[in-house]
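Please read the structure below before turning to the comments.
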């Protein structure tokens, strides 16, 4: 941070040496991201393709096995956001984890990340986007791939508890897109709240992803998401007695049609095309100014060929892209058998965030790191 603050909100005192370290922070932070060396990903030999990786990742990660305690934050618009963290984790936790479309803090990949972070001495909490915590939210609005206001609100509250010390971020799928959009929008100012971030299986091109979900075999994934979204909208309308476009939602046969009927108009976008264009994280990666690890499989079945913006990822020294030919969508399953499965992405995320944030991370590059 260029302007360190104490608990009273005033610039913290510091001598010339302190100020020198602060001035060097951006240069060191970028070097930290670009010099990080991940451990190799060895895809499970019994998972021959992207769909096998994707489905195994969903089925083998065990949701609900980790005891949480819940905290409810009241938002400025009269709504609420629920945070779930391990029972021994403090309120001033170290890392915030963001789930994907129709996921929650109970999703297996969120719990896996929380546990792996804890093994490295980092306390983490999962943020449930609006209406994803098991209870419909009060307001008409939901969550979407470009919604960064709620993330900003939560980060400010947590960093305040931590007396100005920024936190780590991990995002999966839609949550990874939200994470990157937040970093893009805030630029260097994001370092006041976020010290480092990890984005896993990012839908960089939302329009392309929606198109992919309209074609076989992506249509099977799209139909699953659509059923869950419809249930969520209907439950909210019933529980909260809110006016929502139920007829149009029920008539939607694709995610694009759902977004045209509800997501775009409800959240102030003039069209579904405008929603996708303004919310896609692939368009402004050059603005990221926080050390960020991006983990992506080039065979991700949720994205069309060529959707991963590799040149933009590699051109930004603040971003360390780890692109693999295999891995599926939030898959990255290793292990010789299903009974010995390991989830490389969560292990690597915990490794990256546990590294000293102002060093070259050379100490995190060994096989046992």
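Residue numbers (our numbering): 136 to 504. We put the beta carbon where it would ideally sit given N, CA and C, even for glycine. The structure presented is a predicted model; accordingly, all values stated were derived computationally and were not measured.
7 Å CB neighbourhood of residue i in its chain, flanking five on each side removed
| i | result |
| --- | --- |
| residue 153 | Note that residue 153 scores 34 on pLDDT, short of 50, meaning its location in the model is unreliable and no value can be drawn from it. |
| residue 396 | 380, 383, 384, 387 |
Endpoints, the alpha helix (DSSP H) within which residue i is located
| i | result |
| --- | --- |
| residue 272 | No alpha helix (DSSP H) contains residue 272, which DSSP labels as neither H nor E. |
| residue 246 | 243 to 254 |
| residue 359 | 353 to 375 |
| residue 448 | 445 to 450 |
| residue 289 | 284 to 296 |
| residue 412 | 407 to 414 |
Beta-carbon proximity of residue i to residue j, cut-off 8 Å
| i | j | result |
| --- | --- | --- |
| residue 339 | residue 441 | no |
| residue 465 | residue 266 | no |
| residue 313 | residue 291 | no |
| residue 353 | residue 362 | no |
| residue 287 | residue 263 | no |
| residue 467 | residue 478 | yes |
| residue 271 | residue 193 | no |
| residue 196 | residue 269 | no |
| residue 424 | residue 322 | yes |
Presumed contact (8 Å Cβ cut-off) between residue i and residue j, rounded CB distance
| i | j | result |
| --- | --- | --- |
| residue 176 | residue 469 | 7 Å |
| residue 483 | residue 360 | Residue 483 to residue 360, Cβ: 26 Å. No contact. |
| residue 333 | residue 305 | 5 Å |
| residue 219 | residue 248 | Their Cβ separation, rounded to whole angstroms, is 12 Å, which puts residue 219 and residue 248 out of contact at 8 Å. |
Cutoff 6 Å; reference residue i; Cβ partners in own chain excluding five residues on either side
| i | result |
| --- | --- |
| residue 224 | 258 |
| residue 159 | In this prediction, residue 159 scores a pLDDT of 49, lower than 50, which makes its location untrustworthy; the coordinate-derived value is nonetheless stated afterwards. Correct list: empty, nothing qualifies. |
| residue 156 | Residue confidence for residue 156 is low, a pLDDT of 37 falling below 50, so the modelled location carries little weight and cannot support an answer. |
| residue 328 | 290, 294, 301 |
Alpha carbon of residue i to alpha carbon of residue j, nearest angstrom
| i | j | result |
| --- | --- | --- |
| residue 428 | residue 318 | 12 Å |
| residue 252 | residue 382 | 43 Å |
| residue 171 | residue 488 | 11 Å |
| residue 217 | residue 411 | 26 Å |
| residue 480 | residue 402 | 32 Å |
| residue 186 | residue 434 | 9 Å |
| residue 438 | residue 343 | 7 Å |
| residue 276 | residue 203 | 26 Å |
| residue 399 | residue 406 | 6 Å |
| residue 490 | residue 330 | 11 Å |
Extent of the continuous beta strand (DSSP E) run through residue i
| i | result |
| --- | --- |
| residue 207 | 203 to 209 |
| residue 307 | 302 to 307 |
| residue 346 | Careful: residue 346 lies outside any beta strand (DSSP E), inside the alpha helix (DSSP H) at 341 to 347. |
| residue 333 | 329 to 335 |
| residue 429 | 427 to 432 |
Own chain, CB closer than 8 Å to residue i, minus 5 neighbours either side, in chain order
| i | result |
| --- | --- |
| residue 436 | 185, 186, 189, 347, 352, 353, 356, 463, 464 |
Distance cut-off 7 Å: residue i Cβ against heavy atoms of the ligand NAP
| i | result |
| --- | --- |
| residue 423 | Summarising the ligand content, the structure contains no ligands, and the ligand NAP is consequently not present. |
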